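Counting from 3, one number per residue, gives the positions in the sequence shown under my numbering. Virtual Cβ for every residue (Gly too), placed ideally from N, Cα, C. Computed from a predicted structure; not experimentally measured. Heads up, the thing below is written out as C-alpha cells.
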Amino acid sequence: MTRNLLGLLVLSSVLLLVSWSYLIVGSNDQYGELGLTSDTLDENGSVIPDAALFPKATPGLAHQGSEVYVSLGCIACHTQQVRLEGVGNDLKRGWGLRPSMPRDYVRQSQPLLGRFRHGPDLANAGTRKELTEEALHRRLYSPQIEFPDSPCQPNPFLYDRRKIQGDVSEGAYDLQDGTEIIPGRAARKLVAYLSSLRQDYELPEMPFLIEPEIVIRPVSLLVPPSSTSENNGSSDE
C-alpha cells in the first residue's frame, strides 16, 4: 500500500514537472524571440530600416505611475488586454482598434494584465477621447461623482481639496461644488501612466480591425508647476 502511494506521488510529481516544463519551453519558443517591430515589414519579412518601432517606451513619469497603479490595487479590477473577436465585445465597446498581442508587452518586465475585470479595460486608456487629464483626475478623486454606483475606491488622499477663492487655481480642477482639487505628485504620476496606455499602432501579426475615426490626440506627460500646497510643505503622496 505504501509503495503504491509512493509510486503515485512520484508519478504525479513527474507529470507536473513535465507539464510545467512544456508550458515554459513552449511559451519561450513561441514568444521568447519577440521584439520591437515596425507596423509593416519589407518583402523579406524584416523590419523596415529607420521606421518607427513599436511598442514605444513608457516615459519616466508614466513609468513611476505604474507603481502607483499597482500600489492602489487598480490591477485587481482593471485589465490591460483587449480580447480577441469572438471572445468578448471589447472592440465594439471602443476599448481598442485591434486585439492585444504578446508583442505589445515586450517592453514590460511585469505586464499588468489584471486579475479581474470589474471596470473597463485600460489597454488604450490614453486614446479614449473622454478620458482627458481632468476627467481622469476627477474619477481618481472620487469615481462616485460621475458614477454614483461605481465600486471603485475614491482616492482623496492623492489630492489637496480647498474652497475656490475667485478663479480656479492653476493646475486645479473644479468639482462644481465651490471647491477645487489640486493633484499631488502621486496623482500626476498615475494620470501620466493611464494617459500613456495606448496600443494605437498596427503590428505585422495584427493590423487594425477597426478603422481609426480621427488622429488620436497627443498626450502631455509634463509635470505641471508645483502647487501652492506643495510649496507650503503639505503631503501629496
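Query: Distance between Arg85 and Arg243 (C-alpha atoms, nearest Å); Result: This structure does not reach residue 243, given that the chain is present from 3 up to 239, and the question cannot be answered.
Query: Residue range of the alpha helix (DSSP H) that includes Glu136; Result: 135–143
Query: Those residues which DSSP pairs with Thr39 across a bridge; Result: Phe56
Query: Contact belief for Leu192 with Tyr107 at Cβ below 8 Å, rounded distance in angstroms; Result: Going by Cβ atoms, the distance from Leu192 to Tyr107 rounds to 20 Å, so no, they are not a contact pair.
Query: Helix, strand or coil at Lys131 according to DSSP, with G and I counted as helix; Result: coil
Query: Where Leu63 falls: helix, strand or coil (DSSP); Result: helix
Query: Nonlocal neighbours in the same chain, by C-beta distance under 6 Å from Ala174, ignoring five residues either side; Result: Glu182, Ile184
Query: Ser111 vs Gln83 beta-carbon contact at 7 Å; Result: no
Query: Option nearest Glu87 by Cα separation, candidates Thr81, Arg95, His80; Result: Arg95
Query: Cα-Cα separation, Ser29 to Leu36; Result: Low per-residue confidence applies at Ser29: pLDDT is 49, beneath 50, and the placement is therefore not dependable, though the value from the model is reported in the following sentence. So the two alpha carbons sit approximately 11 Å from each other.
Query: Alpha carbon of Ile212 to alpha carbon of Thr39, nearest angstrom; Result: 21 Å
Query: Counterpart residues of Ile184 in DSSP-defined beta bridges; Result: Asp162
Query: Whole-angstrom distance between Asn91 and Asp169, CA atom to CA atom; Result: 43 Å
Query: Per-residue DSSP class, three states only, for Leu205; Result: strand
Query: Identity of the residue in Arg141, Leu63, Glu215, Glu204 nearest Asp176 by Cα; Result: Arg141
Query: Burial state of Asp123, where buried means 16 or more other Cβ atoms lie within 10 Å; Result: buried
Query: Arg119 beta carbon less than 7 Å from that of Thr60; Result: no
Query: Sequence-distant residues of the same chain with beta carbon closer than 6 Å to Ile218, five excluded per side; Result: In this predicted model, Ile218 has a pLDDT of only 47, less than 50, meaning its place in the structure is not dependable enough to derive any value.
Query: Distance cut-off 6 Å: Gly116 Cβ against heavy atoms of the ligand MG; Result: Inclusion of the ligand MG in the displayed structure is not the case, the ligand content being empty and no account of it being possible.
Query: DSSP-derived helix/strand/coil call for Glu69; Result: helix
Query: C-alpha distance - Val16 paired with Leu10, whole-angstrom precision; Result: 10 Å
Query: Simplified DSSP assignment, three categories, for Asp106; Result: helix
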